[in-house]
Every structure is written in structure tokens, then in C-alpha cells.
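Take 8 as the starting number for the sequence shown in the working numbering and just add one per residue.
The beta carbon of each residue, even a glycine, is placed where N, CA and C say it ideally should be.
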Amino acid sequence: MPSSRKFITSTILFTALSVGGAVLINDFVLNPEKAIVAGTASHSTGSAGTGTTTKTLTGTSDAIQYIYGTIQLKVTQVNGKITAIEELTAQATNGREQAFPTLKSAAIQANGSNFGNLSGATYTTDAYKKALDSALAKLG
8 MPSSRKFITS TILFTALSVG GAVLINDFVL NPEKAIVAGT ASHSTGSAGT
58 GTTTKTLTGT SDAIQYIYGT IQLKVTQVNG KITAIEELTA QATNGREQAF
108 PTLKSAAIQA NGSNFGNLSG ATYTTDAYKK ALDSALAKLG
């Protein structure tokens, strides 16, 4: 019984190392330009050696007024993906401002306003989505 466990363990280990090695070879030997782009994309707005560029856009929304306050957002998008949302104005009454960090996280994860409503904060969620859509429409 112990020798079969060693065999199974060594087989699993060998398989994992083989797959890992294949991935490394593919990434660094067969596709070196891909590995270089992945390592430098977040550092520059253009790279001379790789032939690729990073496109960064920002947009500021209209100030969206709703029943509980006002929301105005500044959105940063890198290569079509939302990377940051800054709340320029984020007013909400009776503790509703606590929804903003959750809404920000959901918007970044969804890469837009296509995310569900936050329970108990429907009006705030709707206003946040309108502000987000307004900022995205003004990227440039």
C-alpha cells in the first residue's frame, strides 16, 4: 500500500511539473513578446520595443442628483477596462453613502454599469449607474 501511494504522489507531482513547465515554455520561449507586454503594460502609455501601446482614457460624469443626494464620478479606463473610479461628489443621506465602496467595486468588476442593485440602496444604485454611464460616455 505505501508504494502505491508513492507512485500516485510522484505521478501527480510529475504531471503538475510537466504542465507548469509547458506553460512557462509557451509563455517565455515560444511567445516572448507576450510575456514582455504583460510585464510592461501597466507601466507605460506606449512602449517602443514591443510595438504595443496602452490606451488610458478618463471621463467625468455629469452631477447626478437623486432623492438622497448627488453623485459625480471620474472614471479611468485602460485598454477598455475600468481600472479606477473616483467619487468627485458622493452625497447621500441617512448612511446611504456606505453603499459607494460596494458600488465602486461592483462597477469595476463588471467593467460598467451592468451589475445588480444593492439591496436597500436601489435609488443610490440607480444614481451611481447613471453617473457611471455618463462618465463612460465622456471618455476621451
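Query	Result
Short Cβ contact (8 Å threshold) for residue 65 with residue 81	yes
Beta-carbon contacts of residue 122 that lie in its chain and below 6 Å, excluding the five residues immediately before and after	113
Neighbourhood of residue 111 by C-beta distance below 7 Å, restricted to the same chain and skipping five residues each side	92
Beta-carbon separation (whole angstroms), residue 117 vs residue 68, contact threshold 8 Å	16 Å between Cβ atoms; not a contact.
Enclosing beta strand (DSSP E) for residue 84 [first to last residue]	76–85
Minimum C-alpha distance to residue 89 - residue among 134, 126, 120	120
Buried versus exposed call for residue 126 [16 or more other C-beta atoms within 10 Å across all chains shown]	exposed
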